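Chains as they are written, first to last, in the UniProt record's numbering: chain A, 1 to 299; chain B, 1 to 299.
Written below as C-alpha cells is the structure these notes are about.
Given below as C-alpha cells:
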C-alpha cells in the first residue's frame, strides 16, 4: 500500500490562513497589527530570495514587515544598535536576523542580543531553556512546522515510538522535546548510533534531519510509520543538464511504498517554516499585549 | 554472574577529594576561596539536615559556607533582596535555595532570581538552555553525579543505547542531554511509554528516575547493562518495627543478577549530589575569575 503524501505546501497555506484570520481579529478587536522585522547583512543571493519571500508572506497575512538591509561590512556595534532599537520598538513583535551573516559577525551573539520574547526564530538559549523546562517560549520554526504536520496526521501521539535522526541544537534536540511533550517515547539517533536501520525500524514516527540524501531506506521503515523528511540536499538534475534537484534524507520513492504517511522534498516540511515564523510573530504579539494566544499556531 | 556494585559513597569521596585539591590550588596560586551560599526558608526538619550536611562538606573541602536561615514567613521581597546581595557578593560563587519553600513563595521565581553563573543547582531556564544548546553552563547536581558514575564505569559511551526512565525537567531531560553529549543513542521513556519493559531491555545504560519502588524488574534488563537507580522511596522497614527503609526504582536484589554494574539505594547516586554541588561551586568560582576549570568535575 502506498503512503499518504503529506502536502506541506497546502497545509502551510491553511496555517497562513489561520494567521491571517487571527491578525484580522487583533486588528478589529484591539487595533493591533503584528509586526515582523527581518535584518539582512550583506548580499547573499539565496538569503535575499528568502527574505523577499518572508516579506511577501508577512504582508499577505496582514502583518507589518520591516526590512533592514545592511551592508556586508556592518560592524557588530551598528548591528547591535539596530537590534536594540527593534527590541524597544512596540510595533515590532518578532525579530530575525537572516543567517548566514558575514564572517566578522558572531551568530550566537546576534541571537543573544534579540529580546527572547521577540526571538521568533526560537534560536536563543533562553527559548531553548524554556522549551526544555516545559515553559512557554518561542519554538524554532522548522521543528514547530514538523509538529504541526504530525499533529494533523496523528491527533494523539501518546505512547508512539518516535525516532529523531540528527541531534542538532537547531532541529533535532528541540524536535525531541516537542515529541516528548506529545507523550511519545522519544529516541534521538545520530551519526554515532550503532544500528541506525534497526533503531529507525522500531519507530511509529520517523523524523530525519541529517542532510544525507536518501539515507533512510525502505527496509529501515516500519510498515505504516509516519515519516517526516527535514533533509535538503541539492544535486545536479539527472535528466536536465544544468539544472538541480532537491533530495531529502529519505529514499522517497521506495519508502512511500512502506510508510503510512510521508512528506515529500520539496513540498513537505519546507513550506511550513515561513508559515511558522508568521505564527510565532502573532504569538509574540499576543503575549506582548497580554492577549490570548492563537489556537493551533503554537507548540 | 552478579553485577559490580557501584559504590557511590566511595566515589563521591574521591570527587570531594578532587574538589578539595582544586580548592587548595586556587588558594595557593591565586588567593581565592570558593564560597557557597545556602538559603533556607522555614524549619523543615529534612531540609535542616540536608543544609547541615552541605555546610559540613563545603567546609571540609576548604571552601567558605554562607548559611542564611530565614523565618517561614519571609516575604518574596526580602528573599529576593538577599539573593540580590548574594548575586553581587564577589566572595559567593554559588547560591542555592533549599527547596521546598513555604507555599507563599514561588520556586521558579526564586531560581530565576539567582544569577545563572551562580546557579550551582543548575535549575534555571538559562542553564537548561545552555545545556540544550551545547554551551557551557552549570549542570544540575543529580544528573551530573550520574554522568560521573557512568564515565567512571564506561569510559567510552559512544554508540551505546541509553534509556532514561522519567522525563522530569529536574532530572530526566538534562540526563538525556548529557548522555547525548557522550554519543549515546538516547531514549526517553516515561509513564506513557507503551512497552516499558521492552524499551528498557534494549538499553546498555538504564537510568531510572520515576520514584516507583522496585519497578524495574530483572527481566527488563539486558544482561551486562549498567543500571543507575535515581529513585528513592521510603517504606516502613519490613523487619524493624517503627523504622523505615529506602528503596530505589530498581528491584536491586534481582537485577544485580543480570546487570553488569548497578548502583544501590542508598549509597549509589545519593551521595554524589552534594559532591557535585561542591564541584559546581568550584567550577563557578574558576569561571568568575577567568581561570581554567577543574578537570573531571564538570559535564
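By construction, the Cβ of each residue, glycine as well, lies at the ideal position given by its N, Cα and C atoms.
This structure is a prediction, so every number in the text was calculated from the model and none was measured.
Q.
What would DSSP say about residue 35 of chain A, mapped onto helix, strand or coil?
A. Counting from one through the first chain, the residue named residue 35 of chain A turns up at place 35. Note: residue 35 of chain A maps to strand in three-state DSSP.
Q.
Counting only Cβ pairs nearer than 8 Å, list the residues of chain A close to residue 183 of chain B.
A. Sequence index remark: in the second chain, residue 183 of chain B carries index 183 (1-based). Within chain A, the residues whose beta carbon sits less than 8 Å from that of residue 183 of chain B are 190 and 192, listed in sequence order.
Q. Using the beta-carbon count (16 or more within 10 Å), is residue 161 of chain B buried or exposed?
A. The residue labelled residue 161 of chain B in the question sits at position 161 within the second chain. Buried.
(Q) Give me the subset of the stretch 113-142 of chain B whose CB atoms are less than 8 Å from a CB atom of chain A, sorted by chain position. (A) So the close ones are 124, 125, 126, 127, 128, 129, 130, 131, 132, 133, 134 and 135.
Q: Closer than 8 Å by beta-carbon distance: list the chain A residues that pair up with residue 169 of chain B, in chain order.
A: By 1-based counting over the second chain, the position of residue 169 of chain B is 169. Within chain A, the residues near residue 169 of chain B are 132, 133 and 134.
Q) Going by alpha carbons, who is nearest to residue 197 of chain A out of A:219, A:188 and A:186? A) Counting from 1 along the first chain, the entry for residue 197 of chain A is found at position 197. Among A:219, A:188 and A:186, the Cα nearest to that of residue 197 of chain A is on A:219.
Q. Going along the chain, which residues of its own chain have a beta-carbon closer than 7 Å to the beta-carbon of residue 88 of chain A, five neighbours each way excluded?
A. For this step, residue 88 of chain A is matched to residue 88 along the first chain. Contacts found: none.
Q) Start and end of the alpha helix (DSSP H) containing residue 53 of chain B? A) Counting from one through the second chain, the residue named residue 53 of chain B turns up at place 53. Taken as a continuous stretch (DSSP letters only), the alpha helix (DSSP H) holding residue 53 of chain B covers 45-60.
(Q) Counting only Cβ pairs nearer than 9 Å, list the residues of chain A close to residue 56 of chain B. (A) The residue you call residue 56 of chain B lines up with position 56 of the second chain. Within chain A, no residue comes near residue 56 of chain B; the closest Cβ sits about 31 Å away, beyond 9 Å.
Q | Near-chain B residues of the stretch 149-163 of chain A - C-beta to any C-beta below 7 Å | A | 158 and 159
Q. Got a sec? Which residues, its chain only, sit under 8 Å from residue 50 of chain B by beta carbon, not counting five neighbours each side?
A. The count along the second chain starts at 1 and reaches residue 50 of chain B at position 50. Contacts found: 98.
Q: Evaluate contact between the stretch 225-243 of chain A and the stretch 252-268 of chain A, counting only Cβ atoms and requiring at least three cross-stretch pairs below 8 Å.
A: yes
**Q.** Buried/exposed call for residue 244 of chain B, threshold 16 Cβ in 10 Å
**A.** Sequence index remark: in the second chain, residue 244 of chain B carries index 244 (1-based). Label assigned to residue 244 of chain B: exposed.
(Q) Within 8 Å of any Cβ in chain B, is that where the Cβ of residue 325 of chain A sits? (A) A question about residue 325 of chain A goes unanswered here, because the residues of chain A that appear run from 1 up to 299.
**Q.** residue 235 of chain A classed as buried or exposed, judged by whether at least 16 other C-beta atoms fall within 10 angstroms
**A.** Walking along the first chain from the start, residue 235 of chain A turns up at place 235. Label assigned to residue 235 of chain A: exposed.
Q) To the nearest whole angstrom, what separates the beta carbons of residue 122 of chain A and residue 101 of chain A, a pair I think is in contact under 8 Å? A) Looking up residue 122 of chain A in the first chain gives position 122. Looking up residue 101 of chain A in the first chain gives position 101. That pair is no contact at about 18 Å.
Q: Count the other C-beta atoms from every protein chain shown that fall within 10 angstroms of the C-beta of residue 18 of chain A, then say buried if there are 16 or more, exposed otherwise.
A: For the purposes of this step, residue 18 of chain A is taken as residue 18 along the first chain, with counting starting at 1. So residue 18 of chain A counts as buried.
Q. Touching or not, the stretch 203-219 of chain B and the stretch 204-211 of chain A, by the rule of three or more beta carbon pairs under 8 Å?
A. As far as the Cβ criterion goes, the stretch 203-219 of chain B does not touch the stretch 204-211 of chain A, which means the pair count is below three.
(Q) Between which residues of its own chain and residue 224 of chain A is the CB-CB distance below 6 Å, once the five residues before and five after are set aside? (A) The residue labelled residue 224 of chain A in the question sits at position 224 within the first chain. Correct list, in chain order: 260.
**Q.** Spatial neighbours of residue 105 of chain A in its chain, beta-carbon cut-off 7 Å, leaving aside the 5 residues before and after
**A.** The residue given as residue 105 of chain A occupies position 105 in the first chain. Here the set comprises 41, 76 and 79.
Q) Around the Cβ of residue 81 of chain A, are there at least 16 other Cβ atoms within 10 angstroms (buried) or fewer (exposed)? A) On the first chain, residue 81 of chain A is found 81 positions in, with the first residue counted as 1. Its Cβ having fewer than 16 others within 10 Å, residue 81 of chain A is exposed.
Q) Pick from A:241, A:147, A:216 and A:173: whose alpha carbon is nearest that of residue 297 of chain A? A) Residue mapping note: residue 297 of chain A aligns to position 297 of the first chain, counting from 1. Closest by alpha carbon: A:147.
Q. Is the Cβ-Cβ distance between residue 164 of chain A and residue 188 of chain A less than 8 Å?
A. Here residue 164 of chain A refers to the residue found at position 164 of the first chain. Here residue 188 of chain A refers to the residue found at position 188 of the first chain. Yes, the pair counts as a contact, with Cβ atoms nearer than the cut-off.
(Q) Quick check for students: name the residue ranges of the beta strand (DSSP E) that lie wholly in the stretch 138-212 of chain B, counting only runs of 3 or more. (A) As far as the stretch 138-212 of chain B is concerned, its whole beta strand (DSSP E) runs of at least 3 residues are 161-165, 185-189 and 205-208.
Q: Using beta-carbon positions only, say whether residue 278 of chain A and residue 57 of chain A come within less than 8 Å of one another.
A: Taking the first residue of the first chain as position 1, residue 278 of chain A is located at position 278. Taking the first residue of the first chain as position 1, residue 57 of chain A is located at position 57. Contact flag set, yes.
Q: Could you spell out the range, first to last residue, of the alpha helix (DSSP H) harbouring residue 258 of chain A?
A: Numbered from 1 along the first chain, position 258 holds the residue referred to as residue 258 of chain A. Element bounds for residue 258 of chain A: n/a, residue is neither H nor E.
**Q.** Interface partners of residue 173 of chain B on chain A, CB under 9 Å
**A.** In the second chain, the residue the question calls residue 173 of chain B occupies position 173. The contacting residues are 132, 133, 134, 177 and 180.
Q) By DSSP, does residue 107 of chain A sit in helix, in strand, or in coil? A) If you number the first chain from 1, residue 107 of chain A lands on position 107. Correct three-state label for residue 107 of chain A: helix.
Q.
Measuring only the C-alpha atoms, how far is residue 157 of chain B from residue 289 of chain A?
A. Here residue 157 of chain B is taken as the residue at index 157 of the second chain, counted from 1. Here residue 289 of chain A is taken as the residue at index 289 of the first chain, counted from 1. Approximately 48 Å between the Cα atoms of the pair.
Q: Take residue 177 of chain A as the anchor and find which of B:169, B:191, B:179 and B:195 has the nearest alpha-carbon.
A: As a working mapping, residue 177 of chain A is identified with position 177 in the first chain. With distances taken between Cα atoms, residue 177 of chain A lies closest to B:169.
Q: Check the C-beta distance from residue 357 of chain A over to residue 216 of chain A and give it rounded, since I have them as a contact under 8 Å.
A: No answer is possible for residue 357 of chain A: it lies beyond the span of chain A, which begins at 1 and ends at 299.
Q: Would you kindly work out how many angstroms separate the C-alpha atoms of residue 186 of chain A and residue 258 of chain A, rounded to a whole number?
A: To locate residue 186 of chain A, count along the first chain from 1; it is residue 186. To locate residue 258 of chain A, count along the first chain from 1; it is residue 258. Taking the straight line from one Cα to the other gives about 21 Å.
Q. So what's residue 66 of chain B in DSSP terms, helix, strand or just coil?
A. Numbered from its first residue, the second chain carries residue 66 of chain B at position 66. When DSSP states are grouped into helix, strand and coil, residue 66 of chain B belongs to the strand group.
Q. How would you call residue 242 of chain A, buried or exposed, if buried means at least 16 neighbouring beta carbons within 10 angstroms?
A. As a working mapping, residue 242 of chain A is identified with position 242 in the first chain. Only exposed fits residue 242 of chain A, as fewer than 16 other CB atoms lie within 10 angstroms of its CB.
(Q) Does residue 155 of chain B pass the burial test, meaning 16 or more other C-beta atoms within 10 Å, or should it be called exposed? (A) As a working mapping, residue 155 of chain B is identified with position 155 in the second chain. Only exposed fits residue 155 of chain B, as fewer than 16 other CB atoms lie within 10 angstroms of its CB.
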